[in-house]
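The next block holds one structure in the form of structure tokens; read it before the comments.
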Amino acid sequence: MTKTLTEKISSNKEHPAIVTYIMGGDGGLDHLEEQLLFLEKSGVSAIEIGIPFSDPVADGPVIQLAGLRALKEQVSLEQILTKLASSTVQIPLIIMSYINPIFHLGIPKFVELLKNTPVKGLIIPDLPYEHQNLISPELERTDIALIPLVSLTSPKERLAEITKHAEGFIYAVTVNGTTGVRSEFDTHIDTHLAYLKSISPVPVLAGFGVSSIEHVEKFAHVCDGVIIGSKVVQMLHEKKTTELGDFLKKAANVRIEI
């Protein structure tokens, strides 16, 4: 069964899927729904919601600071999921959490809470592919996709194994490092993404460092869309919503020319 997230990401063949990242509770939990509705109105395909955690090993400085602001507000995973249960957002939501908060809450309870929300995807960056069975059995018979991350350094045999069973979309990490705005990418990134797209049964999205229309245009030539994180987090924090909305609408209207 094709999951809702895959269908949404694949629905527009002429334009790239734009997935935005925000930190849940940054600025206070009461603003979460307002942020989600704003991003939905800006034309994004899906929204990734980060769960604040004290040791975010994959996050760059912008997202780390956002997590610290949320932790200062004492925002928890359970509070975020409870808030999302009343969300009126129509596009798919994706939870991005390190495994520790999920274990602390309890995997069965976590998945049960997810079922009552618009969440259609789950990313756990510190859960290796070999250990995904810690949570995947709980997600069976749900519409929630466990989204794999793949790195630039993964050998082709591993890429083939990960993509073969992929759900939702492939999160293709475009750099060897943490999240954050960048001006340049590896010279082999286009070849890497094109190869992933050729073997993947689900869409391939490029993430980490995407921060300009030029980046969106670049990746639209070789994959199905992008994930934009640090730029969105920073602009929301600085309350540059008009500028951010214009940027996202322009990104969503980039034409795919593969």
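Everything in the sequence shown is counted per the numbering used here, starting at 23 for the first residue and increasing by one. C-beta atoms are modelled at their ideal positions from N, C-alpha and C, and glycine is treated no differently. These figures come from a predicted structure and were not determined experimentally.
Exposed or buried, residue 74, counting other C-beta atoms within 10 Å across all chains shown (16 or more means buried)?
buried
Of the choices 119, 209 and 53, whose alpha-carbon is the least far from that of residue 81?
119
For the stretch 62 to 112, list the beta strand (DSSP E) runs that are entirely contained and at least 3 residues long, ordered along the chain.
68 to 72
On the three-state DSSP scale, how would you describe residue 41?
strand
Which same chain residues, not among the five before or five after residue 142, have their C-beta less than 8 Å away from its C-beta?
25, 26, 27, 30, 68, 114, 115, 116, 165, 166, 167 and 190
Determine whether the beta carbon atoms of residue 155 and residue 107 lie at a separation below 8 Å.
no
Only counting the same chain, and skipping five residues up and downstream in sequence, which positions put a Cβ closer than 7 Å to that of residue 217?
none
Nonlocal neighbours in the same chain, by C-beta distance under 7 Å from residue 263, ignoring five residues either side:
60
Enumerate, from N- to C-terminal direction, the unbroken beta strand (DSSP E) stretches of 3 or more residues contained entirely within the stretch 120 to 159.
141 to 145
So, with DSSP's three-state summary, where would you put residue 238?
helix
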